[in-house]
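In the order they appear, the protein sequences are chains Y and B.
Quick note on the working numbering: the first sequence kicks off at 132 and runs consecutively.
Quick note on the working numbering: the second sequence kicks off at 24 and runs consecutively.
Just so you know, even glycine gets a beta-carbon here, dropped at the ideal spot from N, CA and C.
Remember, it's a predicted structure, so these values are computed and weren't measured experimentally.
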Amino acid sequence: GAVVSQHPSWVICKSGTSVKIECRSLDFQATTMFWYRQFPKQSLMLMATSNEGSKATYEQGVEKDKFLINHASLTLSTLTVTSAHPEDSSFYICSARVWEKRYGYTFGSGTRLTVV
Amino acid sequence: TQLLEQSPQFLSIQEGENLTVYCNSSSVFSSLQWYRQEPGEGPVLLVTVVTGGEVKKLKRLTFQFGDARKDSSLHITAAQPGDTGLYLCASWVPGYGKLTFGQGTILTVHP
């Protein structure tokens with residue numbers, strides 16, 4: 132139980148275009164989801180906290196206009212990388228807190244974004 | 024300032040060796056989690072430790088939570104190539120409901 136499905140697994144896009152990454156909770160409702168960015172051989176860096184029905188909370192240094200987050204339902208959060216540039220290339224991972232499990236967080240399988 | 028200091032950052036060992044990864048902080052945590060991540064995948068939860076002094080075992084993996092709940096360790100006995108991966112400690116930040124991670128330890132076990 133408590134599965135988070137993330138799509139796509141990988142995407143290649145041209146500079147200047149936008150890319151949308153979806154994160155769905157399959158068997159539970161996620162009022163809060165988290166978006167992380169990860170560079171090769173490094174840890175996860177929290178980008179923003181996505182709240183259903185309200186604005187996302189961004190971590191310091193993360194550009195709100197570049198990384199648009201929408202959490203329109205209890206099972207879906209999306210991250211859109213707008214006007215992508217090669218430096219946006221990274222591994223993006225979403226996560227949801229599973230309130231039924233006191234300390235439980237479940238993660239998506241990640242999206243490898245390559246901007247060319 | 025890193026909330027969770029994890030060490031070492033890299034470990035390269037031979038199959039059969041033992042190893043320990045450390046996760047330290049100046050803050051007291053209500054709980055601490057250990058994750059393992061393989062390339063191209065999301066982290067997978069290994070264990071959550073909650074009580075100071077707690078020891079949990081998962082096959083060849085032994086997890087300890089410090090008495091003061093400021094540090095934790097992961098010990099692997101007789102490492103195998105299948106243990107290769109990125110190991111992350113993480114803790115929930117009270118009041119914010121978000122998980123913060125240590126820098127991670129990249130473990131490579133050679134056959």
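Taking B:V70 as reference, the option from B:I129, B:G39, B:L84 with the minimal CA-CA separation is B:L84. Comparing alpha carbon positions, the residue from B:G75, B:F86, B:V67 closest to Y:V135 is B:V67. For Y:G235, the uninterrupted beta strand (DSSP E) run begins and ends at 235-238, by DSSP. For B:V44, the CB contacts under 6 Å within the same chain, skipping 5 residues up- and downstream, are L97, Y110, T128 in chain order. Shortest Cα-Cα distance from B:Q56 to any of B:D106, B:S114, B:L130 involves B:S114. Residues of chain B whose Cβ lies closer than 7 Å to the Cβ of Y:K172 are, in chain order, I129. In terms of CA proximity to Y:V246, Y:T213 leads the group Y:C154, Y:T237, Y:T213, Y:A187. Listed along the chain, the chain Y residues whose CB falls inside 7 Å of the CB of B:F124 are S174, L175. Rounded to the nearest whole angstrom, the CA to CA distance from B:S48 to Y:Q169 is 22 Å.
Y:Y189 has a beta carbon lying at 9 Å or more from every beta carbon in chain B. Closest by C-alpha distance to Y:G147, out of Y:S185, Y:D196, Y:T188, Y:P217, is Y:P217. Per the C-alpha coordinates, the member of B:T123, B:G108, B:C112 positioned closest to B:V132 is B:G108. CA-CA distance, Y:L210 to B:Q32, rounds to 30 Å.
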